[in-house]
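Those protein sequences? They're chains G and U, same order as listed. Just so you know, this note's numbering puts 72 at position 72 of the first sequence, and the rest follows in order with no gaps. Just so you know, this note's numbering puts 1164 at position 164 of the second sequence, and the rest follows in order with no gaps.
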Amino acid sequence: MNKIGFNFVLGLLSTTLFFGACKSDKTSDPDPEEQSQSKYVVMTVSDRNQPNGGGYISAFDQYPSGTISNVTGEKTLQGVKGMAGWRPYGNWIFKMVRSSDAAQGIEKIEIAPNGKVTVGKFISSKNQTEAAKYNGTGNFVIQNETSGFYWDAAEPLNIQKFSPAEMRNTGSIDLAQVVNANIKESDVNGIKFKSIGQKFLAIKGGKLFANITYGKLNTTQAGFFDDYFPDVYIAVIDIATGKHEKTIKIENTGGIAYINDNPMYDFDTNGDLYIVTQGTHAQGLGGKSKIVRIKANETDIDKDWTLRFSDFRAADDGKFVGVHAKNGQLILVLNTDPLTGGPTGNINSKDIWKFHVVDVTKKSFKEIEGIPTGINPGAALAVVEVDNKVLLRGAVSSGANAYYEYNYATNTATKSFEVKEGGTLTGFVKIQLK
Amino acid sequence: MHCFQFITRKDMRYSYSFAFLLFSYCLTNLLFAQSNDRIQGRVIQQDGRPIAEATIKIADQTILSRSDGSFNSTKAIKGRQIIRISAIGYVPHMDTLDMDNAKKVFLEIILYPKENTIDQVEVRGKTQIQKLREEPIRSIVIDTKAAAEQPTSLAEIMNRAPGIRIRQSGGVGNQVDVSINGFQGNAVQYFRDGIPLEYLGGGYGINNVPINQLEHVEIYKGVVPINLGGDALGGAVNLVTNQNHKKTFQASYEVGSFNTHLINLSGQQQFRNNWFAGIDAFVNYSDNDYQVDIETVDENANLKPARVKLFHNAYKHYFTEAYAGIKNKKWADELRLSIALYQIDRQSQHPALMTNPYGAIKLNNKGIVPSIRYKKSFWDNRIDLDQFVSYSSTNRHRTDTVKGTFDWYGKFTPGTSVGESPNPSLASIDYKNIISRTALSFHITPQHQIHTNFILNRNTRRGSDPLGFRFTGTDIDVLSKEATYQKSILGLSWESNWFNKRLTNQLFIKHFSFTSKGINAFLSNDTDLNKYKSVSDQSWGFGNAVKYQINNRSFLRASVELTNRLPLQEELFGDNDTRAPNFDLKPERSFNANLGYRYATENFATEVGTFYRRTKGMILLTPIQTPFSQYKNLDSIQGYGFDIDLSYRLFKHFEITGNATWQDLRMVDIGVPLYKWIEGTRLTNTPYFFSNIGLKANFQNVFAKNDAIKPYIHYNFIREFYLVHIPKDKEADGFLGLTGSSKVDTKDLVPDQSLMNVGFNYVFPSSKWSLSAEVKNLMDAKLYDYYKIQRPGRSVHVKINYYIKSFKS
């Protein structure tokens, strides 16, 4: 028996050392097959119990059809957090959270010709400790391939400049005076937190539009649903000179936006800019939520046009969570039931979000047929355009998880493709490889 | 009345080959008129103190003495019989007993201790640890005494056990979590001498107690016996201290890398009239300033890798427990009073992930814990009572008030807002905890015993934080509202022996209940601040464990249990900060089954085990609405696993040990169709294969007569595991998933890890002193436990021990 026992132990030793000596081999040779110059990229958030959601990104050579898996194998990128959509610019894809460790900043996603998705360069907050204290670091807008702007919690009263091509910081614009100009002596004690560009950055006609935040809190939620003033202030900066030109206001609405990769504004085909505000409720449950407009050649809020949530439902018990503008038609997702938050709230976990289309001239709300009422569109790209198709995200807790193609003429949506594996859809984009 | 006088003599069959053993005995016997040709008796020391677990063999019977030294034969004994009495640490005795003229016999047997034999006795009888290993409910028993001379932490030696993974977030003193067959977090509960460890308020635990102060550690996998009166879901760890109250003194000092100093001291003394007193104390200190790989920001706001020393990671801890008591009185077998004091000061270097540094956040925890324990046997030792009560008062501080931030090099940049973290704090929270444990055993017959165990655990929490949350629209600190939590667990078991003790069976049932009261502090949502909310629930659990002794070398055992884990107060009421309450939480529920086979010879021992578990409604922290999260009954798990444990004594001087564990735990019953794809994926953040191998040697008379040198080497391997759900067909393939890697380019992965520790221990000829040294992480491998938090690289530790047993009073 002793001999048998000895052999057992030796076997275990060998096994242990064998596996200990094994090296994982995750690298793979370039896959010569199926290389395509255009890629269709799908993002999903995979789990229910990770803050801000880890998830998957996969690239497909063909427009997806039928039911697909978004976990395709070695070519799929799995990220830790922040799989809440992205902000494409041309053929580039950017995320506001680094895939490997959820550090805040701007991450470029690279797609190889063989379809392998990898992370590219990352612009970090100048101070990750400060970035962790406040939401919004990495909120960015791109002017062109060499010029973009973003907010960094490390310098909350500056707007940072960066080169999207080189993915590096190229300086900053100090706007402390602009921020402080709106504060009276009686406001000083009540305002615990100030920033510029934290939640809204847009470029229109050579001007940079940046919201100014005056928050009543200085903790994690600073700047979100804790607005000191009822009006939203937006600084208008001339990009060429870097000079502040004026500050405009969206009146009586509270918070302008909640930061993730859903930018919460959109340009119509004619150049009009539509901006979403989320209302005054301290838990982000709406109230006075509205959409305002800056017309194509203007730099002021169009005082003659406002779309209020109360125009949709007089009880004013919800809010706008995004906007897609095309040919004078706005596609919106609106809550069917009054919003509730907290432990049993419906805002993030119940199927209450229904697509509507609104004609900007008539302000008429029409339900879009053919797509189910879904969950949590605010943390995703609810409406995207790919191959000239307008696609609506239909993710429903009861099972549907698809993009639906919208037909303006019939006001109906039909299922385009469905994702069975990888989690809830949060983004879909087409890029052309150079 | 009839009286026997046994004659003192040596019996070479029971003598051991150690020249220094003192071999003597005396036996006095008394006869009382009782019944049915049976014998009763008591095994005691020379001073009258009882000897528990002594083995009495007569005719075909083997009897164990109880805690008070008493024993009864199980059936009638006739004629002239040889009686053998042995106990670990005592000189055995054999003699002849003539029962022809005696109907009823009472024997009082005195055994004499062996002297200075601790490390070198070749024990033929079963040690307490061996006996525990052979209980129907399987426990991994870690002989801490065997490693006490080494500069090894309790977490490290537990990590070498099959099926057990210890995770420590960082260096000395940092948080430890035990994973047992995949159960972890609150599903595993901790005890000290059978009492829930909560009563010591964090001042005493796996992450800080010196192994020198423990007799052994029991780790229960799956089924937990009722004498540990907790609501553990699938595992329990019982730290067992020295209870024999012998006159001893031991001290040790360990110094190691990263300015680590660990001092421990224990002393016990006996006095006249059976009084005793003692003290256990330790001080742990470490700068924990090991090197880590991090990233710093360059002038382009890009991150570049750097290797830095941690600069704000120190840990300081003292613990002292003084006790006194009396034994062997008519009114008490033992009455023990104790008071424990502790304080922990800890620096916080980084948040949950090592994404950014902190340079000033501090955590403090201090407490005072008086307790009393009373043991008494009644009715001819047929009833044993063990009562424990403690009242602990602890205070926890978290300080985060600095205005500014630090970089990874420790450079401070002033800022305007208070606090480095997202939650600035000057919190001071008081906890009051009462624990009462009542254990009652009924020895109905030698074959049948009934055990009951009742735990009552009551907690209150109240505090303040000038920088913390206020109820909306008020200046009322949410911590100022008292929260209470009370749980009780009643266990009842029937232990029986059949077929001449070849079959041992334990059938048990448990009742769990809790009540909690507090304010719904979630943004003061619909809350009347004077209206407290109460929640309560109760549930039942039951199980059975059986062991069949095949022969002297092998046995089979199996156990099943349906059990519950009650929601904790924080899970119900949140933390009055970013964790929201959930009053609808239900207990987690789990069905566990275990099957094992053990075979042991003099030089070889092996145990193979397998388990199955199905856990429903695991309580997990889930984001609900940024920045808030909430505990919910979310996931269900099903799985099975195997482990094998081997030891082999090689030639005269060597012993080789090893074990391997493979487990396959997967998600089931995903309720939301949108997430149905998760069904069948692995339980995240849980290793599925790990193994250990160790070699130790013992050479005597090396540099001097009676000295000893004991070199050892341990190697540990953990297969890569995932922090996210990976579809089953994209997992690493190969046999049991043991080769290759995930087919997904995942960032949420803890890679394959190998750890090798090498050391030696030198025992000086006097046996009172020993000196040991160990190199931990010899290969300087990158090691992670929690969410890729880096652990220390190679480090060197030296430890000196001083030990006196039975010194003169």
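Just so you know, even glycine gets a beta-carbon here, dropped at the ideal spot from N, CA and C.
Using a C-beta cutoff of 8 Å, does U:H1714 count as contacting chain G?
No - not a single Cβ of chain G is within 8 Å of the one on U:H1714.
Cutting at 8 Å between CB atoms, please list the residues of its own chain near U:R1579, excluding the five before and the five after it.
The beta carbon of U:R1579 is closer than 8 Å to those of E1570, L1621, F1628, S1629, Q1630, Y1631 in its chain, skipping five residues each way along the sequence.
For the alpha helix (DSSP H) containing G:A132, name the first residue and the last one.
Membership of G:A132 in the alpha helix (DSSP H) is indicated by the continuous run 128-133.
Between G:V236 and the ligand SAH, is there a pair consisting of the residue's CB and a ligand heavy atom that are separated by less than 7 Å?
This structure simply doesn't include the ligand SAH, nor any ligand for that matter.
For the beta strand (DSSP E) holding U:D1280, just list the boundary residues, first then last.
Residues 1275-1286.
How about U:V1560 and U:N1592: are their beta carbons less than 8 Å apart?
Yes.
Answer with yes or no whether the minimum CB distance from G:I445 to chain U is below 8 Å.
Absent from the structure is residue 445 of chain G, since the part of chain G shown begins at 1 and ends at 434.
In terms of alpha-carbon separation, which member of G:I203, G:G378, G:S416, G:A395 lies closest to G:E385?
Taking the Cα of G:E385 as reference, the smallest distance to any Cα among G:I203, G:G378, G:S416, G:A395 is reached at G:S416.
If I measure Cβ to Cβ from U:Y1648 and keep anything under 6 Å in the same chain, skipping five residues before and after, which residues do I get?
Answer for U:Y1648: F1604, I1656, listed in chain order.
Keeping to the same chain, check which residues put their C-beta closer than 8 Å to that of U:G1404; ignore five residues upstream and five downstream.
In chain order, F1412, T1413, P1414, G1415, E1420 place their CB closer than 8 Å to the CB of U:G1404, counting only its own chain and leaving out the 5 sequence neighbours on each side.
Would you tell me roughly how many angstroms separate the C-alpha atoms of U:T1438 and U:L1572, rounded to the nearest one?
The alpha-carbon of U:T1438 is positioned some 27 Å away from that of U:L1572.
Closer than 9 Å by beta-carbon distance: list the chain G residues that pair up with U:V1535, in chain order.
In chain order: nothing, as chain G lies at least about 13 Å away.
Option in U:Y1722, U:N1701, U:T1563, U:L1595 with minimal Cα separation from U:V1188:
Closest option to U:V1188, Cα to Cα, is U:T1563.
Nearest to G:H324 (by Cα), restricted to the options G:E155, G:P377, G:E110
Of the listed residues, the one whose Cα sits closest to G:H324 is G:P377.
Where do the ends of the alpha helix (DSSP H) carrying G:Q198 lie?
DSSP places G:Q198 outside any alpha helix (DSSP H); the residue lies instead in the beta strand (DSSP E), whose first and last residues are 193-204.
U:K1728 at chain G interface by Cβ criterion, 8 Å:
Contact with chain G is absent for U:K1728, since none of that chain's Cβ atoms lies less than 8 Å from the residue's Cβ.
Boundaries of the alpha helix (DSSP H) in which G:D311 is found, first to last residue:
Residues 309-312.
Given that a residue counts as buried once 16 or more other Cβ atoms are within 10 Å of its Cβ, and exposed if not, what is U:F1032?
No answer about U:F1032 holds up, because its pLDDT of 31 lies below 50 and its placement is not dependable.
Output yes or no for whether 8 Å exceeds the beta carbon distance between U:F1760 and U:S1772.
Yes, they are a contact pair.
3-residue-minimum beta strand (DSSP E) runs that sit fully inside the segment 207-245 of chain G, ordered along the chain:
Within the segment 207-245 of chain G, the complete beta strand (DSSP E) segments of 3 residues or longer fall at 207-215, 232-238, listed in chain order.
Partners in chain G for U:K1747, counting only beta-carbon separations shorter than 7 Å:
The contact set of U:K1747 on chain G, defined by CB atoms closer than 7 Å, consists of Q78, G79, V80, S99, S100 in chain order.
G:T137 versus G:D266 - alpha carbon distance
Roughly 21 Å separates the two Cα atoms.
Quick one: does U:W1677 have its CB under 8 Å from some CB of chain G?
Closer than 8 Å: yes.
Member of U:N1459, U:G1468, U:Q1175 whose CA lies at the smallest distance from the CA of U:S1425
Looking from the CA of U:S1425, the closest CA among U:N1459, U:G1468, U:Q1175 belongs to U:G1468.
Pick out whichever of G:N169, G:Q128, G:G374, G:Q143 has its Cα sitting closest to the Cα of G:V154.
At residue 154 of chain G the sequence reads Ala, which differs from the Val that was named. It is G:Q128 whose Cα lies nearest to the Cα of G:A154.
To test your reading of the DSSP string, which unbroken beta strand (DSSP E) runs of 3 or more residues are found completely within the segment 53-106 of chain G?
Within the segment 53-106 of chain G, the complete beta strand (DSSP E) runs of at least 3 residues are 55-60, 66-69, 77-79, 87-89, 92-97.
Could you check whether the Cβ of G:K420 sits closer than 8 Å to any Cβ belonging to chain U?
Closer than 8 Å: yes.
Simplified DSSP state of U:S1534, which is helix, strand or coil:
Correct three-state label for U:S1534: strand.
Given this structure, state the Cα-to-Cα distance separating U:A1324 from U:I1619, to the nearest angstrom.
Cα-Cα distance, rounded: 41 Å.
Is the shortest distance between the beta-carbon of G:N189 and the beta-carbons of chain U less than 8 Å?
So, not an interface residue.
Within a Cβ cutoff of 7 Å, which residues of the same chain sit near U:R1470, ignoring the five residues on either side of it in sequence?
For U:R1470, where only same-chain residues beyond five positions count, the Cβ hits under 7 Å are I1476, D1477, V1478.
Alpha carbon to alpha carbon, what distance is there between G:E251 and G:K161?
Each residue's Cα considered, the two are about 29 Å apart.
According to a CB-to-CB cut-off of less than 7 Å, which residues of the segment 1341-1356 of chain U neighbour chain G?
Residues P1351, L1353, T1355, N1356.
I want to see whether chain G comes within less than 8 Å of U:A1187, judged by CB atoms only; does it?
For U:A1187, the nearest beta carbon of chain G is not closer than 8 Å to its own beta carbon.
If you draw a straight line from the alpha carbon of U:N1029 to that of U:I1109, how long is it in whole angstroms?
Because U:N1029 carries a pLDDT of 33, less than 50, the predicted location of this residue cannot be relied on, and the following value inherits that uncertainty. So the two alpha carbons sit approximately 7 Å from each other.
When DSSP labels each residue in this structure, what does G:S186 get in the three-state scheme?
Correct three-state label for G:S186: helix.
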